[in-house]
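Protein chains in written order, with the numbering used here: chain D, 256 to 485; chain G, 256 to 485.
The beta-carbon is built from N, C-alpha and C at its ideal position, and this holds for glycine as well.
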DNA sequence: TTGACAAGTGTATAAAATACACATATAATG
DNA sequence: CATTATATGTGTATTTTATACACTTGTCAA
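Right, here's the structure in full:
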């Protein structure tokens, strides 16, 4: 068959496809969605900002490679990541054929502390998504896709659990939804919907923000790990 | 940093990750969902049945590689394929580290003719999904994931257009949904929903099936290419 | 004490999903 | 020709879900 010949002809080339993982790590900080960027230290794209990622080793799973890169480049550990897509344009890297398997994660803004303790702030930074400039490689495209994936995930999975390790108030969750989805909800209807799902429970505690009426503190119900939120 | 050392140590290994595409091509034949399998001619897994796929060349996109493999192994052309997932277990191939980028497609059963003209039926076969035995590699896992993907796609995209190139009747579409989703719909409500979306138009023609009342023939509205069906 | 601010709460209306029964067009049969 | 079997076609009432909308409450600061 014709294909067999091509196969042989292209075999050496085929051996040279590189595999990278690239993760868009988000947080929501006072109603602003931010993404974690790192400054590249090597060519290509030296000194440009980029999403977190790198080459996958032969002896690790893609997901493991992604988590390793996150830890090495930012100090963050235990991030829950979700598949987002695959990027494989032939010229996406100037060095060699390279495909990128991309992931999405979201973390509590307080983990920024961890970041600043272990990594020079010149090397890693939380950037509001509408302030992101030209990134290395095709990372701008990857980021756009990641935001789409994030929008799908917050209405169909419990991905936001990772954002509220110490409980949350309903207005807080609402602001997070509004920031990520880019639209507003009626306060009464949002609360009604969230409570009707019976995925969260009232802790009985309250929490105060600068001289306003205290808000009730809720937490995700542990018994319903993987059900969708919206 | 510690990772840098590992990087160097693993570089040779990293160069040896192979990239495959694997496509689950479905059809629905008289209410039965079938998948297209091909018999392997070479080791590993020689003579076992497998999904359609193979190594990606360095000079082609993943999607192009998938379509090339489909054409080479089954003769099918012009199949619209959708991303399904990535499979990367370290031992999924006994030969080398291999990651599989997987796709899903669905085609009109009448293209089976094309198949039998160009390919020996010993080499390729439509198999009902509940009759699929042990496949090569991890293709049973890939098939399960592909079915999940297909279920999502038929309620959120116009993927079924590819299944009805010459128009369709509403009961036909309903049977297809029921076969793929594994549940039944009320006939009146299904028709109401489908028509309310205004994605299909009445052709004015009718079609007959063996001594029953003729059914109206519809077609997808060309102006609304990419809207979701359910 | 008053004002500013965000949190908390209930009801009425509209839209969507669901449940449900009978008439009709064809081919096959006697 | 009348009868039967079979799958198609059609409308309405009910339930569920989503949406729209206004006033009261608790805290801090002035």
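How would you list, in chain order, the residues of chain D whose beta-carbon sits under 9 Å from the beta-carbon of residue i?
| i | result |
| --- | --- |
| residue 345(G) | 313, 314, 315 and 316 |
| residue 209(G) | Shown here, chain G extends from 256 to 485; a query on residue 209(G) therefore has no answer. |
| residue 352(G) | 313 and 314 |
Is the separation between the beta-carbon of residue i and that of residue j shorter than 8 Å?
| i | j | result |
| --- | --- | --- |
| residue 291(G) | residue 379(G) | yes |
| residue 454(G) | residue 475(G) | yes |
| residue 348(G) | residue 299(G) | yes |
| residue 361(G) | residue 397(G) | no |
| residue 322(G) | residue 311(G) | no |
| residue 294(G) | residue 281(G) | no |
| residue 341(G) | residue 313(D) | no |
| residue 370(D) | residue 418(D) | no |
| residue 356(G) | residue 274(D) | no |
| residue 462(G) | residue 424(G) | yes |
| residue 339(G) | residue 406(G) | no |
| residue 363(G) | residue 420(G) | yes |
Let me check one thing: in DSSP terms, what residues is residue i bridge-paired to?
| i | result |
| --- | --- |
| residue 474(G) | 456(G) |
| residue 428(D) | For residue 428(D), which the question treats as bridged, DSSP gives no partner whatsoever. |
| residue 353(G) | 273(G) |
| residue 417(D) | None, per the DSSP bridge assignment. |
| residue 284(G) | 287(G) |
| residue 338(D) | 358(D) |
| residue 293(G) | 305(G) and 379(G) |
| residue 462(D) | 470(D) |
| residue 423(D) | 473(D) |
| residue 278(D) | 307(D) and 358(D) |
Using a Cβ cut-off of 7 Å, pull out every chain G residue sitting near residue i, in sequence order please.
| i | result |
| --- | --- |
| residue 372(D) | Ordered by position in chain G, no residue passes the 7 Å Cβ test against residue 372(D), which lies about 15 Å from the chain. |
Quick check: what's the CA-CA separation for residue i versus residue j?
| i | j | result |
| --- | --- | --- |
| residue 304(D) | residue 416(D) | 28 Å |
| residue 470(D) | residue 456(D) | 14 Å |
| residue 307(D) | residue 353(G) | 23 Å |
| residue 477(D) | residue 345(D) | 45 Å |
| residue 467(D) | residue 358(D) | 38 Å |
| residue 277(G) | residue 319(G) | 12 Å |
| residue 473(G) | residue 460(G) | 8 Å |
| residue 465(G) | residue 283(G) | 19 Å |
| residue 351(G) | residue 325(D) | 26 Å |
| residue 409(G) | residue 437(G) | 13 Å |
| residue 392(G) | residue 387(D) | 42 Å |
| residue 302(G) | residue 381(G) | 16 Å |
| residue 383(D) | residue 395(G) | 42 Å |
| residue 328(D) | residue 374(D) | 8 Å |
| residue 377(D) | residue 441(D) | 40 Å |
| residue 337(D) | residue 428(D) | 20 Å |
| residue 268(G) | residue 315(D) | For residue 268(G), the pLDDT reaches just 46, beneath the cut-off of 50, and the residue's location in the model is therefore unreliable, although a value from the coordinates is still provided. Approximately 10 Å, taken between the alpha carbons. |
| residue 443(G) | residue 422(G) | 20 Å |
| residue 287(D) | residue 365(D) | 14 Å |
| residue 445(G) | residue 445(D) | 30 Å |
| residue 317(G) | residue 279(G) | 15 Å |
What do you get for residue i, buried or exposed, if any count of 16 or more other CB atoms within 10 angstroms of its CB means buried?
| i | result |
| --- | --- |
| residue 403(G) | exposed |
| residue 458(G) | exposed |
| residue 296(G) | exposed |
| residue 447(D) | exposed |
| residue 452(G) | exposed |
| residue 411(D) | exposed |
| residue 390(G) | buried |
| residue 343(G) | buried |
| residue 372(G) | exposed |
| residue 439(G) | exposed |
| residue 309(G) | buried |
| residue 285(D) | exposed |
| residue 259(G) | In this prediction, residue 259(G) has a pLDDT of 45, which is less than 50 and means its spatial position is unreliable; nothing more can be read from the coordinates. |
Can you pull the chain G neighbours of residue i, defined as C-beta to C-beta under 8 Å?
| i | result |
| --- | --- |
| residue 332(D) | What residue 332(D) touches in chain G: nothing, since even the nearest Cβ is about 13 Å away. |
Starting from residue i, find everything on chain G with Cβ-Cβ shorter than 9 Å and list it in chain order.
| i | result |
| --- | --- |
| residue 338(D) | 340 and 341 |
| residue 356(D) | 341, 343, 354 and 356 |
What in chain D is Cβ-close to residue i, meaning under 8 Å?
| i | result |
| --- | --- |
| residue 274(G) | 269, 272, 274 and 354 |
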